[in-house]
Structure formats: structure tokens, C-alpha cells
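Residue numbers (the numbering used here): 42 to 481. Even for Gly, the Cβ is constructed at its ideal location relative to N, Cα and C. Here is the structure we will look at, set down as C-alpha cells.
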């Protein structure tokens, strides 16, 4: 070894020794770096992320499922489970496995209970937001029914509304209402069903409350299998994608806004502030070859494959819509912006600035839409900041910031209104894949 190389390595060792360290406690918590500055406005705030691929998680070199602390909530590893990560804004990370095929996560307003929203499987889960211990587990409301993946709290957290999907069947007689899903109202701590309303659409997914809980707004995929099949085709057959508005007092359909009919466009996610402030994210699937053809010539810079989708499937461009009850859907963005609307995923409505913030992981874009006009007021290629595959978005409870999580890792914080990246508040945990996040 040369003298120059020895001096270089010695210098690097000194730099490493002087750097802040992150340690792991015996309870599975990651202890924050000691020099992280506290932010009073975010004191006690945590962001929750359901991780899709717990089999990739190692604890001290051993799979998390074999660690008694991480796996304390699991009794049957033959059933689906997910890795829930709680990221404190002070840098502390807590993780545990929970027995649900979780897609989204919600925390009660008083932080007394959390819900892991099962998706395309039967089980729903309630957990303790502080310890991540299992509180309750319950199946979907009917035989063959499946979780719809999203929930909202009612009655200041005493009950929870969840989207649920009917057993998937082809419709050969034209009566698509037989495939409508339901909105189930459950006790938050036991998940016992209190009431159940039709979603008035096929395969309900994302749901939001507006007008102080008077109405529930639901995004309904609208896709069905072909006769003789169970799985959905690629591209999708979509007889009726729609957003439905439901009166929570009696389950009555107030309005059905059809976003696509007899097409390949599903309506998956939404944000809502009131009846004239509904923003719906669409999805369009194609083959890998379709995906290559669509983006051919867009870049001369090498990039990796889309890690947010399954092999053989590509997310194609699908315009995000602004909706208002009683009006036709409005396509948002110009042609160039709509080309980047691939795999639209999470969207949050910021009522303070009357804006909707949406993520498009397949193109690494974050877009912000004006609430009144639907115009794109901010368009960020987040890969230029180091945030690749932006997925979950959540408004932080300080009223000043919002957070976006990368599909696999990293939590970035932005200023509301200006959308300025706040590097000092960013954190860098690993989630092992996800779609949605929530802050409490």
C-alpha cells in the first residue's frame, strides 16, 4: 500500500468516526442520530408506511419473520403479512410485521388506534400506533369479498369506514350493479361491522370524506374479468370507471361521475375537499412493449427498470382529472405533463392553499394542481433531488409541510404552498416498497 493511499484511508476513517451514527435498540427501534436538530412544530409527529416486501427485510442478517420481536403479531406465516414502518420526525424508526396484505394505513385523530387497510385479501387489521402491536383482526364482510385497500375514520376515531370489493366475476347479462362493492362501517378497536352501504361502483378503492363527514367520495376501478376468467386482463376491460358520492346518513347515491366507460382506464385514487374539489387519478396498463413504445425518444439518459410494477406490465400515461358534482370531468395538464402521468398513485388535497399534490412514480414526477382551475402549478422531476419513484404523500400536522416517500426508501419533506424541498427535515429509512403513507 502506498503512503498516499494510507493517508487517504486514515483521513476517511477520521471522517467516518466523526459522522453521526444510527444504532439499533434491543426492541427493534432505530435510534436517531444524536446531532439531529429537533423541530418544535413537528414534535411527536410520525409517518406510517406499510411495506410490501417484508421477505426482503433482514434484522441482524436474519429475515425479519424469524425475529421474535418483529414477528410478535404473526401466528400464521402462510397468510399475507406486511412490514409496518413508523418514522418519527426526530429520526426514530420503529417496525413490526402485521397480518394484513396492507395497501394504506390510517391513524385515528387522537392517535388511539391505527388501521392497516387490506387490499385484495380478506384480512383487515387494527394496531396500536405507539407500539405497533396487533389490537384486532377481522375478515371482509362477506364470503369471497376482498379488502378495497383504503379507509377513513368517523366519529372522531370511534368508527372506521372501509372500502370492500365483491367476489370478482365476469358480467355476461349486462347487470354490472351485481359487481358493486361496499363501504363497511366498523368499530375502530374491534373491527366489528356496524353498517354496510353500496359503493355504487365496481371495485371501490380510495375513499375520502367531505363536508364534515356528510358525504363519502369513492374511486371505483370499474374493471372486470372476461367471461370464463378470474384474473383481470392487460390491458384492462373497464365497463364503468367512476367516482361516486355517497350520503353517509343513509348510504344513498348522491352522484356518480363516470370517468371512463368501456375503455382501458381505471379510476384508482382521489383527493377531495368539497363537491367541486375532487381530483381523480386514472391508471392504464399495457405490456412491457407498450411501455417501451410510449416513452421511446423521451430521454438520452440511462435509467433503471420500473420497480413499482409487476413483470410484463407497464403503466402507460393516463390523465388526472378534476371533478365536480354535476359536471363533466376536466382533463388536467398540457400534453407534456400528461405524458408524465404514468402510474399516478397518491394524491392529497391541501385546503390551506387549495391545491392537490400527486405522485407519479413510474415517471419520477410530483405534480401540484390548482384547486379552482385544475392547472398544473408545480411539476417536479423528483429524481433530480434524489427522490426516485415518489409514492406516498401526506400532509404533516404542523400545517406547514408535507412528506413524500420513495417506493423503496427515503422520506422527503417539502414546504406547503411553495413546494420548496426542506433538506434539513428529510429522513432516509428503508420501507421495502409501498404505495401510501399517513402522518399523525
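Best match in 97, 454, 284 for proximity to residue 302 [C-alpha to C-alpha]:
The residue labelled residue 302 in the question sits at position 261 within the chain shown. Answer by Cα proximity: 284.
Give the DSSP-derived three-state secondary structure of residue 220 in the structure shown.
Translated into positions along the chain shown, residue 220 becomes position 179. The three-state reading of DSSP puts residue 220 in helix, counting H, G and I together.
So for residue 96, helix, strand or coil by DSSP?
The residue given as residue 96 occupies position 55 in the chain shown. It is helical.
When DSSP labels each residue in this structure, what does residue 368 get in the three-state scheme?
The residue given as residue 368 occupies position 327 in the chain shown. Note: residue 368 maps to coil in three-state DSSP.
Can you tell me the Cα-Cα spacing of residue 125 and residue 214, whole angstroms?
Within the chain shown, the letter at position 84 stands for residue 125. Within the chain shown, the letter at position 173 stands for residue 214. So the two alpha carbons sit approximately 42 Å from each other.
DSSP puts residue 91 in a beta bridge; with which residues?
As a position in the chain shown, residue 91 is number 50, starting the count at 1. DSSP output for residue 91 lists 125 as bridge partner(s).
Meets three-Cβ-pair contact criterion under 8 Å: the segment 457 to 474 and the segment 90 to 109
With a cut-off of 8 Å, the segment 90 to 109 and the segment 457 to 474 count as touching, because enough Cβ pairs lie within range.
Which of helix, strand or coil DSSP assigns to residue 228
Residue mapping note: residue 228 aligns to position 187 of the chain shown, counting from 1. Strand, per DSSP.
Rounded straight-line distance, which links the Cα of residue 146 to that of residue 360
Within the chain shown, the letter at position 319 stands for residue 360. Within the chain shown, the letter at position 105 stands for residue 146. Going by the C-alpha atoms only, they are around 26 Å apart.
From this set, 438, 452, 292, which residue's C-alpha is nearest residue 85's C-alpha?
Counting from 1 along the chain shown, the entry for residue 85 is found at position 44. That would be 438, whose Cα lies nearest to the Cα of residue 85.
Which residue marks the beginning of the alpha helix (DSSP H) containing residue 396, and which one marks its end?
Position 355 of the chain shown, counted from the start, is the residue given in the question as residue 396. No alpha helix (DSSP H) contains residue 396, which is instead part of the beta strand (DSSP E) from 396 to 401.
Can you check the segment 405 to 459 for any alpha helix (DSSP H) of at least 4 residues that lies completely inside it and give the ranges in chain order?
none
Check whether residue 123 and residue 141 have beta carbons under 8 Å apart
As a position in the chain shown, residue 123 is number 82, starting the count at 1. As a position in the chain shown, residue 141 is number 100, starting the count at 1. Yes, these two residues count as a Cβ contact at 8 Å.
Same chain, Cβ closer than 8 Å to residue 357, five either side skipped, listed in chain order
Locating residue 357 in the chain shown gives position 316, where the first residue counts as 1. Setting aside the 5 residues that flank it on each side, residue 357 is surrounded in the same chain by 325, 326, 327, 331, 332, 335, 383, each with a C-beta closer than 8 Å to its C-beta; the list follows chain order.
How far does the alpha helix (DSSP H) with residue 379 in it reach, from first residue to last?
The sequence position of residue 379 within the chain shown is 338, counting from 1. Taken as a continuous stretch (DSSP letters only), the alpha helix (DSSP H) holding residue 379 covers 376 to 380.
Count the CB pairs spanning the segment 187 to 207 and the segment 223 to 231 that are closer than 8 Å, and state whether there are at least three.
yes
Among residues of its own chain, excluding the 5 on either side of residue 296, which ones have a beta-carbon nearer than 6 Å to its beta-carbon?
As a working note, residue 296 is residue 255 in the chain shown. Result list for residue 296: 286, 366, in chain order.
Would you say residue 548 and residue 434 are within 8 Å of each other, going by their C-beta atoms?
Because the chain here runs from 42 to 481, residue 548 falls outside it and cannot be looked at.
Tell me, please, which residues DSSP counts as bridged to residue 237.
Position 196 of the chain shown, counting from 1, holds the residue named residue 237. Paired residue(s): 225.
Three Cβ pairs or more, each shorter than 8 Å: is that satisfied between the segment 311 to 318 and the segment 270 to 281?
no
Can you find the residues in the same chain that come closer than 6 Å, C-beta to C-beta, to residue 130, ignoring five residues on each side of it along the sequence?
Along the chain shown, one-based indexing puts residue 130 at 89. Closer than 6 Å at the Cβ level, and outside the excluded window around residue 130, lie 83, 86.
Can you pull the DSSP bridge partners for residue 244?
Translated into positions along the chain shown, residue 244 becomes position 203. DSSP links residue 244 through a beta bridge to no other residue.
Using a Cβ-Cβ cut-off of 7 Å (strictly less than) and excluding sequence neighbours within five positions of residue 67, which residues of its own chain qualify?
Working through the chain shown from its first residue, we reach residue 67 at position 26. Summary for residue 67: the model assigns pLDDT 38, below 50, so the residue's position carries little reliability; its value from the coordinates is reported in the next sentence. The answer is none, since no qualifying residue turns up.
Cα-Cα, which of 172, 262, 88, 293 is closest to residue 111?
Walking along the chain shown from the start, residue 111 turns up at place 70. Checking every option, the nearest Cα to that of residue 111 belongs to 172.
Reference residue 478, options 190, 344, 109, 269, closest by Cα:
If you number the chain shown from 1, residue 478 lands on position 437. The option with the nearest alpha carbon to residue 478 is 190.
Where do the ends of the alpha helix (DSSP H) carrying residue 334 lie?
Here residue 334 refers to the residue found at position 293 of the chain shown. That run of the alpha helix (DSSP H) goes 329 to 336.
My understanding is that residue 403 touches residue 347, with C-beta atoms under 8 Å, so please give their C-beta distance in whole angstroms.
The sequence position of residue 403 within the chain shown is 362, counting from 1. The sequence position of residue 347 within the chain shown is 306, counting from 1. With 8 Å as the limit, residue 403 and residue 347 qualify as a contact, their Cβ atoms being about 5 Å apart.
Among 345, 420, 339, which has the Cα closest to the Cα of residue 375?
Reading the chain shown from its first residue, position 334 is the one you call residue 375. It is 420 whose Cα lies nearest to the Cα of residue 375.
If you follow the beta strand (DSSP E) that residue 289 is part of, which residue opens it and which one closes it?
As a first step, residue 289 must be located in the chain shown, where it is residue number 248. Run containing residue 289: none; DSSP gives neither H nor E here.
In angstroms with no decimal places, state the Cα-to-Cα distance between residue 256 and residue 305.
Within the chain shown, the letter at position 215 stands for residue 256. Within the chain shown, the letter at position 264 stands for residue 305. Their backbone Cα atoms lie some 28 Å apart in a straight line.
Are residue 418 and residue 442 closer than 8 Å when you measure CB to CB?
Counted from its first residue, the chain shown places residue 418 at position 377. Counted from its first residue, the chain shown places residue 442 at position 401. The answer is no: Cβ separation not under 8 Å.
What does a CB cutoff of less than 6 Å around residue 192 pick up in its chain, not counting 5 residues either side in sequence?
Within the chain shown, numbered from 1, the residue matching residue 192 stands at position 151. Answer for residue 192: 147, 156, 158, 201, 203, listed in chain order.
Which value, in whole angstroms, describes the spacing of the CA atoms of residue 270 and residue 398?
To locate residue 270, count along the chain shown from 1; it is residue 229. To locate residue 398, count along the chain shown from 1; it is residue 357. Cα to Cα, the separation comes out at about 37 Å.
Measuring CA to CA, which of 221, 188, 207, 232 is closest to residue 195?
As a position in the chain shown, residue 195 is number 154, starting the count at 1. The option with the nearest alpha carbon to residue 195 is 232.
On the criterion of 16 or more Cβ atoms from any shown chain inside 10 Å, does residue 165 qualify as buried, or is it exposed?
What you label residue 165 is simply residue 124 of the chain shown in a count that begins at 1. Result: buried.
Residue 467 vs residue 448 beta-carbon contact at 8 Å:
Translated into positions along the chain shown, residue 467 becomes position 426. Translated into positions along the chain shown, residue 448 becomes position 407. Against a cut-off of 8 Å, the Cβ pair of residue 448 and residue 467 comes out as no contact.
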